[in-house]
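Colleague:
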Amino acid sequence: MASKVFNLRIDREICQGTGYCVRISPELFELEDSLHAKVLNDAPPAEFEEKILEAATLCPTRAITY
């Protein structure tokens with residue numbers, strides 16, 4: 023069975039820098055000095071699927087896509 027492939031992105035135009043994504047998965051996200059979230063790995067392995075889905079769901083502006 024093929025592993026799921028992610029194309030993790032944050033829309034900086036709508037990101038409000040709440041940091042939910044960073045708290046959920048600091049391995050994948052960080053807050054920049056501008057207080058916008060930044061993706062650290064845009065093609066994370068499938069083992070991060072649960073954290074990606076949680077971060078995208080909890081993002082109040084829905085800035086995270088995958």
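Residues 23 to 88 in this note's numbering are what the sequence shown lists, from first letter to last. Glycine residues also receive a C-beta, built at the ideal position from the N, C-alpha and C atoms. Please read all numbers here as calculations on a predicted model, not as lab measurements.
1. Between the C-alpha atoms of F70 and C81, what's the straight-line distance to the nearest angstrom?
2. Where does V61 sit, in a helix, a strand or coil, going by DSSP?
3. Within the stretch 38 to 84, note down every full alpha helix (DSSP H) run reaching 4 residues or more, in order along the chain.
4. Consult DSSP for R34 and reduce its assignment to one of helix, strand or coil.
5. CA-CA distance, D33 and S25?
6. Between F51, H58, R84, which lies nearest to K73 when the distance is taken from Cα to Cα?
Modeller: With the given structure in hand:
1. As a first step, residue 70 must be located in the sequence shown, where it is residue number 48. As a first step, residue 81 must be located in the sequence shown, where it is residue number 59. So the two alpha carbons sit approximately 16 Å from each other.
2. Walking along the sequence shown from the start, residue 61 turns up at place 39. Three-state DSSP puts V61 in a strand.
3. 42 to 46, 71 to 80
4. Here residue 34 is taken as the residue at index 12 of the sequence shown, counted from 1. Here R34 sits in coil by DSSP.
5. Locating residue 33 in the sequence shown gives position 11, counting from the first residue. Locating residue 25 in the sequence shown gives position 3, counting from the first residue. Cα to Cα, the separation comes out at about 25 Å.
6. Within the sequence shown, numbered from 1, the residue matching residue 73 stands at position 51. Closest by alpha carbon: F51.
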